[in-house]
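Novice:
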Amino acid sequence: MENTVERTVVVGSKSGLHARPAAIFVQNAKSFQSQITLGKNERTANGKSILSVLALGAEKGDQVVLTISGGDAETALTKLVRLLEGDLG
Amino acid sequence: MAHIHILAPLDGTVVELEKVPDEVFALKMAGDGVAIDPSGNVAVAPVAGQLVKLFRGGHAFGITVEGGIELIVHLGLDTIELEGEGFEKLAVEGQAVKAGEPIVRFDRATIEAAGKVILSPVVSAGDGTIVQRASGTVQAGRDVLFTLEI
Numbered sequence: 001m002e003n004t005v006e007r008t009v010v011v012g013s014k015s016g017l018h019a020r021p022a023a024i025f026v027q028n029a030k031s032f033q034s035q036i037t038l039g040k041n042e043r044t045a046n047g048k049s050i051l052s053v054l055a056l057g058a059e060k061g062d063q064v065v066l067t068i069s070g071g072d073a074e075t076a077l078t079k080l081v082r083l084l085e086g087d088l089g
Numbered sequence: 001m002a003h004i005h006i007l008a009p010l011d012g013t014v015v016e017l018e019k020v021p022d023e024v025f026a027l028k029m030a031g032d033g034v035a036i037d038p039s040g041n042v043a044v045a046p047v048a049g050q051l052v053k054l055f056r057g058g059h060a061f062g063i064t065v066e067g068g069i070e071l072i073v074h075l076g077l078d079t080i081e082l083e084g085e086g087f088e089k090l091a092v093e094g095q096a097v098k099a100g101e102p103i104v105r106f107d108r109a110t111i112e113a114a115g116k117v118i119l120s121p122v123v124s125a126g127d128g129t130i131v132q133r134a135s136g137t138v139q140a141g142r143d144v145l146f147t148l149e150i
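So the protein lines, in turn, are chains A and B.
By the count of this note's numbering, the first sequence reaches residue 89 at its end, each step adding exactly one.
By the count of this note's numbering, the second sequence reaches residue 150 at its end, each step adding exactly one.
#1: Taking CB distances under 8 Å as the criterion, tell me whether Ile35/A reaches chain B.
#2: Counting only beta-carbon separations shorter than 8 Å, does Leu17/A have a partner in chain B?
#3: Kindly give me the distance between the Cβ atoms of Asp11/B and Leu119/B, rounded to whole angstroms, as I take these residues to be in contact under 8 Å.
#4: Out of Gly100/B, Lys116/B, Thr79/B and Pro121/B, point me to the one whose CA is closest to Leu51/B's CA.
#5: Sort out for me which residues DSSP pairs Leu66/A with in a bridge.
#6: Can you pull the DSSP bridge partners for Phe61/B?
#7: According to the neighbour-count rule (16 or more other Cβ atoms, all chains shown, within 10 Å of its Cβ), is Val9/A buried or exposed?
#8: Give me the residue from Glu66/B, Ala113/B, Gly128/B and Pro121/B with the minimum Cα distance to His59/B.
#9: For Leu88/A versus Ser34/A, is the C-beta distance shorter than 8 Å?
#10: I'd like the span of the beta strand (DSSP E) that includes Arg133/B, first residue to last.
#11: Looking only at its chain, what residues have a beta carbon closer than 6 Å to the beta carbon of Glu83/B, apart from the 5 residues adjacent to it on each side?
#12: Could you tell me the alpha carbon to alpha carbon distance between Val73/B and Leu56/A, rounded to whole angstroms?
#13: Going by DSSP, name the residue or residues bridged to Lys89/B.
#14: At what residues does the beta strand (DSSP E) containing Ala45/A begin and finish?
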């Protein structure tokens, strides 16, 4: 059975989800099989597409909703929450 | 299998992505592509599509093309820190763009005076594999920078 987990996270990187943090996030997201989305207000981004994540325009301090569904959802959640909350540059 | 030609968004000289002094681009974390050392002052759309992202500061933009192609043009390195200084947006985020349509005007002198490198990566962040890439000098909106096979 598919497992879906969701967590609201405050973006920690000083430049928001800009090129460097977005690239690091997406590279990690791609290492999981689960479907990964990031939501902010009405917008939703594919967590495995850097341009989609960039288009979300999340700034430092913004709340984003990380939704992950699939077999490795729990592991992915732990890893990606830590990345989003940290300062990736 | 289709081949999509991505045009140079800038006049200038092609530089290998691996030589860009920023690991996000050099290690292809943002995608495969090339960099351009610009000689002009206007960045144009390298392909027809949707301008899904035009950063507030005008230092980078992204275009999606139907079928999963995503392109990112980053004008200079770490130029987010300039907060728009040296950049003038000529297009609006979200609009449809034609290949060669002006997106951002920039002033190399201002950017370099602020201590930034103007070397500009152009990367494919979505579907497709680069099967051919330009070298030497390229002309914006006219020369093919690289070809994607999808």
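Glycine included, C-beta positions come from ideal geometry on N, C-alpha and C.
Please read these numbers as outputs of a predicted model, since none were measured by experiment.
Specialist: So, from the data block:
#1: Sequence index remark: in the first sequence, residue 35/A carries index 35 (1-based). Looking at the sequence shown, residue 35/A is not Ile but Gln. Chain B contact via Cβ: absent.
#2: As a position in the first sequence, residue 17/A is number 17, starting the count at 1. Leu17/A does not count as touching chain B.
#3: Here residue 11/B corresponds to residue number 11 of the second sequence, with the count starting at 1. Here residue 119/B corresponds to residue number 119 of the second sequence, with the count starting at 1. Rounded, the Cβ-Cβ distance is 14 Å, inconsistent with contact.
#4: Along the second sequence, read from residue 1 onward, the residue named residue 51/B stands at position 51. Comparing Cα positions, the closest option is Gly100/B.
#5: Residue 66/A sits at position 66 when you count from the first residue of the first sequence. Paired residues: Arg7/A and Leu38/A.
#6: Here residue 61/B refers to the residue found at position 61 when the second sequence is read from its first residue. For Phe61/B, which the question treats as bridged, DSSP gives the partners Leu54/B and Val73/B.
#7: In the first sequence, counting from the first residue as 1, residue 9/A sits at position 9. That one is buried.
#8: Start at 1 with the first residue of the second sequence, and residue 59/B comes out as number 59. The residue with the shortest Cα to Cα distance from His59/B is Pro121/B.
#9: One-based indexing of the first sequence puts residue 88/A at position 88. One-based indexing of the first sequence puts residue 34/A at position 34. No, the pair does not count as a contact, with Cβ atoms beyond the cut-off.
#10: Taking the first residue of the second sequence as 1, we reach residue 133/B at position 133. Taken as a continuous stretch (DSSP letters only), the beta strand (DSSP E) holding Arg133/B covers Thr129 to Arg133.
#11: The count along the second sequence starts at 1 and reaches residue 83/B at position 83. For Glu83/B, where only same-chain residues beyond five positions count, the Cβ hits under 6 Å are Gly57.
#12: As a working mapping, residue 73/B is identified with position 73 in the second sequence. As a working mapping, residue 56/A is identified with position 56 in the first sequence. Looking at the two C-alpha atoms, the distance is approximately 17 Å.
#13: The count along the second sequence starts at 1 and reaches residue 89/B at position 89. Residue pairing of Lys89/B in beta bridges, as defined by DSSP: Val104/B.
#14: Residue mapping note: residue 45/A aligns to position 45 of the first sequence, counting from 1. Counting along the chain, the beta strand (DSSP E) containing Ala45/A begins and ends at Arg43 to Asn46.
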